[in-house]
Amino acid sequence: MTSIDLTDPQTIAFLTDALTTAGVDGVEISGPSGTLRIIMSAEEKVSHAAPAPSPALSIKAPMAGIFCPPRPGSSEVPADLPRTVAAGQALGFLRLGPVLLPLAAPKAGLLTRQFVEAGALVGFGDTLFQIEPQS
Amino acid sequence: MIEIIETGPFNTVQDLGRPGYRDIGVSASGAMDPLAVRIGNSLLGNDEGAAVLEIQTFPFCLRFDRRAVFIVSGSDGAPLLDGIEKLSWCAHHAEAGQVLELRQPPKLARAYVCIAGGLDIAPVMGSRSTSLRGGFGGHAGRPLQKGDRIAIGDDASLLAVPPSGLAVVEPLVALADVFPQSTDGAVLVRALPAGEHGLFAEDGAAFWNQTWRISARSDRTGYRLSGDPIMPTDVVEMRSHGVVPGVIQVPPGGEPIVQMSDANTAGGYPKIAGVIECDLWRLGQARIGSRLRFVRSTHAQARAVEQAVARYIEDVKVTSGMVKRALKAFA
Amino acid sequence: MIATPNKHVPRHQIVPLGQNRARISSIGARSFLLEAPGDFDLASQRRIWALSQTLKGWADLAEIIPGMTNLLAIFRETPEEPEQIIDRLCAAWDAAQSIDLSGKTIEIPVHYGGEFAVDLAALCDLSGLTDQEVIRLHHQGTYRVFALGSAPGFGYLHGLDPRLYMPRKTVPSLKMEKGCVTIGGMQTGVAMLTGPNGWNSIGFAELQMFDPLSPMPAMMAPGDTVRFVPERIEL
């Protein structure tokens, strides 16, 4: 059983981001160190439901790794930004040794920014991409 | 369960084979690209020899009748899940009712569908691979047919694949130094001289120096090569002896045959060379019509390649477990 | 069939066949083929059986596949020092005494002649014998299973009357039925699978000799004695 520190502000921030991108109302997690309850604010929800303009979504590194926008070995050249992306589309990867963690677009939208250079070592929570969701 | 909705001929259930019964005439069988099976299963948290589908004729479609995690390894090109392109060499979640479609890969020959939990098939003589010649093992001892339903085993892995999937740097990229590529597109296959090598003039120069083509009369049993025939300087009458996949025999016509996964267990043609085991998957991924050259190798080099491959597989196992554990908290 | 080793080939790739020396070559990196010197006879095969027994005690071996007066030894790992493997195999061969396996006796009922005996006429032509003589010589023989291979459960049987020797076909029959009683060179056997086959068929046997689901899938084992019992002769 992996233990996570529910009092760690970074963890809470990450969970909050995750809930935002997932469009969930809130979550309650119980662990040895206590219970953490995160409730998403009504304003946040309303802004999601608003037709336009949509707020930009940040895609953050879920863990530390080497940032690889195209897959290693791929001869594909990523199209210039901004470009449209589909929900679930892999925008890039985090490489850990031989393992690649796909960084999926949480929603369909316009990929407007890439914050990190290819091959850079990124840390947990670093912002990698920004998407303007399209409804 | 998975249900086969569409399949070409000679797609089968395979694993890493049933070596150990060649002394009673039973071929080892097993995947033509065992490395793809080991990596696919390792990434899923399966035993690396769990049973998978080997797809060599396309298009191929299956439907999941329950949630499952799968990976398509081995070939290039992207599989489709409900019509949406997915990454190959990447573990994905599928929902009940979703359809996985495999199209003809752009360059390579064989794709493997590995599923978390493996295919739940009773082993025969220690393996779930299909013995096509013997008519046993795998799914009913025969190639897959439309309408076949195959159970999925329980996923014993406690670590989940993250929702956005988990991919791997594929062998040709991760092991680019270990598996050199030619500049002209011919597949390079390392081999050691075998028993009758000396019967071929000038050290078998004509064998090593020419670029062979994989003829249309090639299958899981063996690849027949076309090129300038090579002839022994002496005709010898051989007694039947045991052979293993990778043996390169020269029948009277002078065009070599490389025995593959469903290799006969015995042979009597002169042997000019034997492919090193770690390079057999490259042949397994070479399509009919593709060109190849043999590169003379040594035991020491074969060992070095084996060790590099073993390190890569171990690295995939350890690192994928570590990544899943790190992400588990946030799943 | 002595292959003269090429002078450029390092020693560990081919060890030449001497007077009483075995010849050792490799197939790939971890399989080594030992070929016994001398004739294709029971004495040589008995020594191969003895070698096979010795090798069963080697922990670094994955598989032992006895062939016809030869043996393929598959090691678990590619050896660091292939020379040492050669030396060990040579030493084991030199030490191997002829043993006789006390196998079982298998009687195989045969329907000689008839629709499956597609090569009987050709054998009569080749040997100058009548079909009745061919059949009599075949079923009067006592055969030993030298080794299994080629198809699941297929036994190579030694002991064929030299008058019945018939070379394998240069162009195999595309679809020979499982159960055909066949002759290939100096050997005889019963086809275990329906498919391409270069041996010559003179009859048919119903006996099932391979069951993949059995703990002992193959009925025959090296050293067994086989007799063919004429159940029916159709000429």
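Chains as they are written, first to last, in this note's numbering: chain A, 969 to 1103; chain B, 10 to 340; chain C, -18 to 216.
Heads up, the beta-carbon is just placed ideally off N, CA and C, and yes, glycines get one too.
The segment 1047 to 1055 of chain A and the segment 1072 to 1092 of chain A touch, with no fewer than 3 CB-CB distances between them shorter than 8 Å. Sequence-distant Cβ neighbours of C:Ala102 in its own chain, meaning closer than 7 Å and more than five residues away, do not exist here. DSSP, read as helix, strand or coil, puts B:Ser97 in coil.
The beta carbon of B:Gln310 sits closer than 6 Å to no other beta carbon from its chain once the five residues preceding and following it are set aside. As DSSP reads the structure, C:Cys161 sits in a beta bridge with C:Phe185. Per DSSP, C:Ser33 is one residue of the alpha helix (DSSP H) stretching across 23 to 36.
7 Å or more divides the Cβ of C:Leu32 from the Cβ of C:Leu14. Across the structure, B:Val196 and B:Ala295 are spaced so that their CA atoms are roughly 8 Å apart. In the DSSP annotation of this structure, the continuous segment of the alpha helix (DSSP H) that includes C:Leu101 starts and ends at 101 to 108. Within the same chain, Leu201 come within 8 Å of B:Thr307 by CB-CB distance, once the 5 residues on both sides are set aside. Closest option to C:Ser195, judged by alpha-carbon separation, among B:Val284, B:Asp243, B:Gly135: B:Gly135. Per the Cβ contact rule, the segment 1060 to 1071 of chain A is not in contact with the segment 18 to 29 of chain B (fewer than 3 Cβ pairs under 8 Å).
B:Gly174 has a beta carbon lying within less than 7 Å of a beta carbon in chain A. Comparing alpha carbon positions, the residue from B:Arg222, B:Ala77, B:Phe19, B:Phe69 closest to B:Pro238 is B:Arg222. Under the three-state reduction of DSSP, B:Trp217 is assigned to helix. Judged by DSSP in its simplified three-state form, B:Gly283 adopts strand.
The segment 210 to 221 of chain B and the segment 180 to 188 of chain B do not touch, with fewer than 3 CB-CB distances between them shorter than 8 Å.
Using a Cβ-Cβ cut-off of 9 Å, B:Val198 is close to nothing in chain A; its nearest Cβ partner there is about 21 Å away. Annotation: the continuous beta strand (DSSP E) that includes C:Ser7 extends over 4 to 8.
The beta carbon of B:Arg334 sits closer than 8 Å to those of Leu168, all from its chain and outside the five residues before and after it, given in chain order. Using beta-carbon distances, C:Met49 counts as an interface residue toward chain B, with a partner under 7 Å. If you check the CB distance, A:Ala1072 and B:Ser173 come in under 7 Å. Selection C:Ala40, C:Ser79, C:Arg11, C:Glu58 evaluated against C:Arg28 yields C:Ser79 as nearest (Cα-Cα). Using beta-carbon distances, B:Gly26 does not count as an interface residue toward chain C, since no partner is under 7 Å.
In the DSSP assignment, B:Pro180 falls within the unbroken alpha helix (DSSP H) covering 180 to 183.
Here B:Ser51 really is in contact with B:Ser329; their C-beta atoms are around 7 Å apart, less than 8 Å. Under the Cβ criterion (8 Å, minimum of three pairs), the segment 30 to 50 of chain B counts as touching the segment 120 to 135 of chain C.
Within chain B, no residue has its beta carbon less than 8 Å from that of C:Ser154; the closest one is some 16 Å off. When the five nearest sequence neighbours on each side are left out, the beta carbons in the same chain lying within less than 7 Å of the beta carbon of B:Val177 are those of Ile48, Leu52, Trp98, Val325, in order along the chain. In its own chain, leaving out the 5 sequence neighbours on each side, no residue places its CB closer than 6 Å to the CB of B:Gly194.
For A:Ala1086, the closest Cβ of chain B is not nearer than 7 Å. A direct Cα-to-Cα measurement between C:Gly122 and C:Ser6 gives close to 35 Å. The C-beta of C:Met197 has fewer than 16 other C-beta atoms within 10 Å across all chains shown, which makes the residue exposed. A:Leu1089 counts as exposed, since fewer than 16 other beta carbons sit within 10 angstroms of its beta carbon. For A:Ile1034, the enclosing beta strand (DSSP E) covers residues 1033 to 1036.
For B:Ile239, no CB of chain C lies under 7 Å from its own CB, so it is not counted at the interface with that chain.
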